[in-house]
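Trainee:
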Amino acid sequence: MVDSDEKNDILSPLSDESPDQDDSGVENLIHEKASQDERLDDHYEFSDLDGGDVSTDPANIDFLLDIPLEITIELGRTKMLINELLKLGQGSVIELSKFAGETLDIFANQRLIAKGEVVVVNDKYGIRLTEIVTPMERTKRSE
Numbered sequence: 003m004v005d006s007d008e009k010n011d012i013l014s015p016l017s018d019e020s021p022d023q024d025d026s027g028v029e030n031l032i033h034e035k036a037s038q039d040e041r042l043d044d045h046y047e048f049s050d051l052d053g054g055d056v057s058t059d060p061a062n063i064d065f066l067l068d069i070p071l072e073i074t075i076e077l078g079r080t081k082m083l084i085n086e087l088l089k090l091g092q093g094s095v096i097e098l099s100k101f102a103g104e105t106l107d108i109f110a111n112q113r114l115i116a117k118g119e120v121v122v123v124n125d126k127y128g129i130r131l132t133e134i135v136t137p138m139e140r141t142k143r144s145e
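Under this note's numbering, the letters of the sequence shown match residues 3 to 145, in that order.
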């Protein structure tokens, strides 16, 4: 606990008043700060934050359309010990958590955005979207 002498010693450099006047130094600093704030208000004019100046011009968000995203299709997952991993070789089979024919998870920048099924398009794998994850579900899953 700080006694009154220590308190006065701490506060005395902050005030021109004598240390015998208890909290008057602190009060003076508070009043001085308030008057400085009032003077700042006189020099600057601040606009209201009513949101009235928000533009609905779609050109303002065009730059977002050029942001690259990493799209990942997850076939399944598994866990294994390092010992098991080191034993893998050519021809080894790793069992995954999903069943054959089950929908695959589709991620954009590591966030689940959709589910889909594997299709073949011109001899390449593709994904047919079967479900789009709503923005509400996305926020619930990321928590």
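Glycine is no exception: its CB is placed at the ideal position from the N, C-alpha and C atoms.
Keep in mind it's a predicted model, so treat the numbers as computed, not measured.
Quick test of your reading: L131 and G118, contact by CB under 8 Å. State the CB separation rounded to the nearest angstrom.
Mentor: In the sequence shown, residue 131 corresponds to position 129, counting from 1. In the sequence shown, residue 118 corresponds to position 116, counting from 1. That pair is a contact at about 5 Å.
Trainee: Are I129 and V120 touching if we call contact CB-CB under 8 Å?
Mentor: Numbered from its first residue, the sequence shown carries residue 129 at position 127. Numbered from its first residue, the sequence shown carries residue 120 at position 118. Yes, Cβ-Cβ distance for I129 and V120 is below 8 Å.
Trainee: What's the call for I96, buried or exposed, on a 16-neighbour Cβ count within 10 Å?
Mentor: Here residue 96 refers to the residue found at position 94 when the sequence shown is read from its first residue. Classification for I96: exposed.
Trainee: As a quick exercise: from E76, I32, N62, D64, pick the residue whose alpha carbon is nearest that of R113.
Mentor: By 1-based counting over the sequence shown, the position of residue 113 is 111. Per the Cα distances, E76.
Trainee: Mapping the DSSP letters down to three states, classify E97 as helix, strand or coil.
Mentor: As a first step, residue 97 is located in the sequence shown; it is residue number 95 there, counting from the start. In this structure, E97 counts as coil in the three-state DSSP scheme.
Trainee: According to DSSP, simplified to helix, strand and coil, what is T74?
Mentor: The residue you call residue 74 lines up with position 72 of the sequence shown. Looking at T74 - three-state DSSP - the assignment turns out to be strand.
Trainee: Among Y127, A102, P70, E139, whose alpha-carbon lies nearest the alpha-carbon of I115?
Mentor: Position 113 of the sequence shown holds residue 115. The shortest C-alpha separation from I115 is found at E139.
Trainee: Any idea if I63 is buried or exposed, counting beta-carbon neighbours within 10 angstroms, 16 or more meaning buried?
Mentor: Counting from 1 along the sequence shown, the entry for residue 63 is found at position 61. I63 should be labelled exposed.
Trainee: Are the beta-carbon atoms of N146 and L67 separated by less than 8 Å?
Mentor: With the chain covering only 3 through 145, there is no way to say anything about residue 146.
Trainee: Return the CA-CA distance between E104 and I134, expressed in angstroms with no decimal places.
Mentor: As a position in the sequence shown, residue 104 is number 102, starting the count at 1. As a position in the sequence shown, residue 134 is number 132, starting the count at 1. Cα to Cα, E104 sits roughly 16 Å from I134.
Trainee: If F109 sits next to T141, beta carbons under 8 Å apart, how far is it from one beta carbon to the other, in whole angstroms?
Mentor: In the sequence shown, residue 109 corresponds to position 107, counting from 1. In the sequence shown, residue 141 corresponds to position 139, counting from 1. Between T141 and F109 the Cβ distance is about 15 Å, and since that is not below 8 Å, they are no contact.
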